[in-house]
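Shown next, in structure tokens, is the structure this report addresses.
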Amino acid sequence: MSHITHEYPRAYEAATKVDPLILAQALDHIARTAARSRSQTRRLRWIEQRALIALRGEEFRDLNIDLPKSAGPDTHEKLQRRMAFHIAVKHQLLEALQALHANMLAQDLENDAERPTDDDFQLCMRNAAAAIANAKGGAA
């Protein structure tokens, strides 16, 4: 007996071994979940439509609906993550600069006990250098 290889082996196996009602319920669940998503993207609308087409028993063709665009570098989510990173770097630089400034001002204190030690100053310098390196690393 010859073995036939199907184009979609998982789909073929499901069609021959799984109860059709279970498959229909899964497709319905996928369509409802995609429709109820908080952020409606082209990809989610495509997933919803693909599930609904299958539930109607229609053959899927790419011509039926707009296919999702490939996720490029300027998607909304990627831009949000990039902005959040740059804001975090800005805050890190600001904190390092404020600590360094406070340390420099404290160097002029007359009371030696209140004046920062060389170790304190070196720690401030290392923190500032790390913040600068982090800012340069994210900009590349």
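Residues -15 to 124 in the working numbering are what the sequence shown spells out, letter by letter.
All C-beta atoms, glycine included, are put in the ideal place defined by N, C-alpha and C.
In this text the structure is predicted, and so the values were computed from the model without any measurement.
Rounded to whole angstroms, what's the CA-CA distance from residue i to residue j? Just pull it up for me.
i	j	result
residue -4	residue 39	16 Å
residue 109	residue 77	12 Å
residue 103	residue 90	14 Å
residue 11	residue 59	27 Å
residue -15	residue -9	In this predicted model, residue -15 has a pLDDT of only 47, less than 50, meaning its place in the structure is not dependable; the value taken from the coordinates is given anyway. Taking the straight line joining both Cα atoms gives about 19 Å.
residue 84	residue 112	8 Å
residue 19	residue 37	14 Å
residue -7	residue 1	12 Å
So that I know if they touch, is there some Cβ in chain B lying closer than 8 Å to that of residue i?
i	result
residue 99	Looking for chain B here will not work: only one protein chain is present.
Decide if residue i is buried, meaning its Cβ has at least 16 other Cβ atoms within 10 Å, or exposed.
i	result
residue 124	Only weak support is given to the placement of residue 124: the predicted model assigns it a pLDDT of 49, under 50, and the question is left unresolved by the model.
residue 80	buried
residue -1	exposed
residue 32	buried
residue 117	exposed
residue 86	exposed
Which residue wins for smallest C-alpha separation from residue i, given the options the options?
i	options	result
residue 35	59, 58, 102, 8	8
residue 120	106, 74, 87	74
residue 71	98, 115, 23	115
residue 25	105, 88, 61, 106	61
With a threshold of 7 Å, establish whether the CB of residue i neighbours any heavy atom of the ligand SAH.
i	result
residue 63	The ligand SAH is not part of this structure, which contains no ligands at all.
| query | Given 8 Å as the limit, is there contact between the region 94 to 102 and the region 58 to 68, that is, 3 or more CB pairs closer than that? | reply | no
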